[in-house]
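Going by numbering that gives the first Met the number 0, the letters in the sequence shown line up with residues 0 to 300, in that order.
Don't be surprised by glycine CBs; every beta carbon is placed ideally from N, CA and C.
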Amino acid sequence: MQAGTGLPQRKMFDASALGLGRSRPVKTPPDQGKRPTPARTKHASPRPRPHSRPLALVTGVGRTVGIGAGIASRLAASGWDIAFTYWTPYDDRMTWGSEPGATEAIGRTLAEQGASATAIEADLADPETPGRIFDEAERRLGGVTALVMCHCESVDSGLLDTTVESFDRHFAVNARATWLLIREFGHRFAAAHGTGRIISLTSDHTAGNLPYGASKGALDRITLAATHELAHLGVTANVINPGPIDTGWMTEETREQCTRTTPLAGLGTPRDTAHLVDFLCSPEGGWINGQLLLSNGGFAS
Numbered sequence: 000m001q002a003g004t005g006l007p008q009r010k011m012f013d014a015s016a017l018g019l020g021r022s023r024p025v026k027t028p029p030d031q032g033k034r035p036t037p038a039r040t041k042h043a044s045p046r047p048r049p050h051s052r053p054l055a056l057v058t059g060v061g062r063t064v065g066i067g068a069g070i071a072s073r074l075a076a077s078g079w080d081i082a083f084t085y086w087t088p089y090d091d092r093m094t095w096g097s098e099p100g101a102t103e104a105i106g107r108t109l110a111e112q113g114a115s116a117t118a119i120e121a122d123l124a125d126p127e128t129p130g131r132i133f134d135e136a137e138r139r140l141g142g143v144t145a146l147v148m149c150h151c152e153s154v155d156s157g158l159l160d161t162t163v164e165s166f167d168r169h170f171a172v173n174a175r176a177t178w179l180l181i182r183e184f185g186h187r188f189a190a191a192h193g194t195g196r197i198i199s200l201t202s203d204h205t206a207g208n209l210p211y212g213a214s215k216g217a218l219d220r221i222t223l224a225a226t227h228e229l230a231h232l233g234v235t236a237n238v239i240n241p242g243p244i245d246t247g248w249m250t251e252e253t254r255e256q257c258t259r260t261t262p263l264a265g266l267g268t269p270r271d272t273a274h275l276v277d278f279l280c281s282p283e284g285g286w287i288n289g290q291l292l293l294s295n296g297g298f299a300s
């Protein structure tokens, strides 16, 4: 399917119909048993797509200035419908804080680009969450063709001051959730052979950022395993390292240092990452597979 062809007329984003502003976290009710193991899980066939636009599931889309929002917007402009996840309590813990009304604003932007869109509030530290995300995406919009993972847990700490709780949460969100999302995608994928895409965002942080860097390293290996294990479905899997992109987390000192050590003397933007994701999700990007791609202006060199 050629993304970007046969686009429907523009539509308004109906927040009330999609449950935005009143969605419930995707968590397991206390009295609900564990989900069956994957080998025994029976998934109903996703409802048919109402038109020709494929569906991308983009995780970690909680702020309008974030990389996830930039990717979702670029894909919508190229002919994709979008299901996106966010988790407000994470942003509340960070120095930048949460952004009231962000999901509604993102949804309106996607609708203005002709996309059907839905937002799913989801705590990816909960191992039950990935399956429920796919359940909701399929119920609202149909089967997922592209899985783009921008979610993360990122708290600076080193070898000597990282707590066990922080270490475990980083691996739960950055590594385990990535595996579980890919597993759900693989079990449910029903689009045409050669159209499926898996893309993860990674980092090369090490010193002073132990749990984040280590868990992102695990994410790399999990994602690239899909290159071979999902090859029979015609799905490609790639990892992108976008380098330093200031989405609100940088101090002035960090911004100056990153700019100084980048050969192009600047910082990347969400648009830079979004254009690469868009290409990888296109038919022209279908031969790029099993790669860890640096898109960082030469920062890592």
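- Met-93 counts as exposed, since fewer than 16 other C-beta atoms from the protein chains shown sit within 10 angstroms of its C-beta.
- C-alpha of Thr-201 to C-alpha of Leu-218: approximately 7 angstroms in a straight line.
- Every unbroken stretch of the alpha helix (DSSP H) spanning 4 or more residues and falling wholly within the segment 157 to 241 is given here in chain order: 163 to 169, 176 to 187, 209 to 228.
- A Cβ-Cβ distance of about 14 angstroms is found for the pair Thr-128 and Ala-118, leaving them out of contact under the 8 angstroms criterion.
- In this structure, DSSP gives Leu-292 an extended state, which the three-state scheme calls strand.
- In this structure, the CA atom of Pro-269 is about 28 angstroms from the CA atom of Pro-126.
- Comparing alpha carbon positions, the residue from Ala-230, Thr-250, Ala-225 closest to Val-238 is Ala-225.
- Fewer than three beta-carbon pairs drawn from the segment 63 to 73 and the segment 256 to 264 are found closer than 8 angstroms, and the two stretches are therefore not classed as touching.
- Rounded to whole angstroms, the Cβ separation of His-150 and Gly-284 is 22 angstroms, and the two are not in contact under 8 angstroms.
- Taking 8 angstroms as the cut-off, the Cβ atoms of Leu-56 and Leu-146 count as close.
- Ranked by how close their Cα comes to the Cα of Thr-235, the residues Leu-223, Arg-254, Leu-179 have Leu-223 in first place.
- DSSP, reduced to helix, strand and coil, places Thr-272 within a helical segment of the structure shown.
- Residue range 101 to 111 is occupied by the alpha helix (DSSP H) that includes Ala-101.
- Secondary structure of Asp-125 (DSSP, three-state): coil.
- Cβ atoms of Gly-242 and Gly-207 stay farther apart than 8 angstroms, at about 17 angstroms.
- Per DSSP, the continuous beta strand (DSSP E) segment holding Leu-146 begins and ends at 145 to 148.
- In the same chain as Ser-72, and ignoring 5 residues on each side of it, the C-beta atoms closer than 8 angstroms to its own belong to Ile-105, Thr-108, Leu-109, Gln-112, Ala-273, in chain order.
- When Cβ pairs closer than 8 angstroms are counted between the two stretches, the segment 279 to 294 is seen to touch the segment 187 to 203, the count reaching three or more.
- DSSP places Glu-152 in the coil class of the three-state scheme, outside both helix and strand.
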